[in-house]
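Read the structure below first, then the notes.
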Amino acid sequence: MSNLKKYESEIKSRIGEKRFLHTLRVAETAVELAEIHGIDSEKAKIAGLLHDCAKIKDINLLKLEAKKYDLLLTQDMMRAPQIIHSHLGAILANRLYGIDDEDILNAIAYHTTGRPNMSGLEKIIFLADYIEPKRNFPGVERARELARVNLDKAMYFALNNTLKFLVEEDNFIATETVHARNFYWEMNN
Ligand SMILES: [Fe+2]
Ligand SMILES: [Fe+2]
């Protein structure tokens, strides 16, 4: 299932060496979290390796690629184009890399915005992307601790922290992220 080696150079040329190395760190972190929380570590590895497989830097190229694969761009995607790569990533994982496991595809699709009621695998990929070893931002140590102890608490912390950052930077906020945050607020309060 995870015979992804043969796609390595294709993915590398699409997203660049630096981003590719990030996906290796995310896969490794995801496997660690999977082992701690009793989640399928093979799926965690595959989802980690592929989560950014559509992260094309040039926004126009990214939109063209989305069009090529019939991904309808939502209002949120138009306003925050970085959301596109997650949903396009799920499509490429399925059509180009032979992944048909719904949970893996959803983990890729929602790794940027999050969503309410995420599966264990979805949470692990969201969090591994957030805390992989080269991430460095205020709160990352707390997020790392929480991710080992309680995935729902870690999601709440990560979503809150992300929202604070987006507000501070005066950025658009995806509605899915607000819904996710409120879901985990209810869960943790
Ligand atoms: Fe991403
Ligand atoms: Fe990522």
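Numbering-wise, the sequence shown is residues 4 to 192 according to the numbering used here.
By construction, the Cβ of each residue, glycine as well, lies at the ideal position given by its N, Cα and C atoms.
By the Cβ criterion, the segment 101–109 is not in contact with the segment 132–148, since fewer than three pairs of Cβ atoms, one from each stretch, lie closer than 8 Å. Sequence-distant partners of Leu7 (beyond 5 residues in either direction) whose C-beta falls short of 6 Å from its own C-beta, in its chain, are Leu52. Residue side-chain check: Asp55 places its Cβ nearer than 6 Å to a non-hydrogen atom of ligand 2. Contact between Ala57 and Leu124 is absent: CB atoms are separated by about 19 Å, not below the 8 Å threshold. In terms of Cβ geometry, Arg151 and Ile39 form a close pair [threshold 7 Å].
Going by C-alpha positions, Lys70 is about 14 Å away from Ile86. Closest in alpha carbon position to Ala96, among Asn191, Arg184, Ile14, is Ile14.
Where Asp132 is concerned, the enclosing alpha helix (DSSP H) starts and stops at 123–134. Comparing C-alpha distances from Pro84 to each of His182, Glu189, Asp73, Ala177 shows the shortest one belongs to Ala177. Within the model, the alpha-carbon separation for Asp55 versus Asn192 is close to 32 Å. Collapsing the DSSP output to three states places Glu11 in a helix. In this structure, DSSP gives Phe160 a helical state, which the three-state scheme calls helix.
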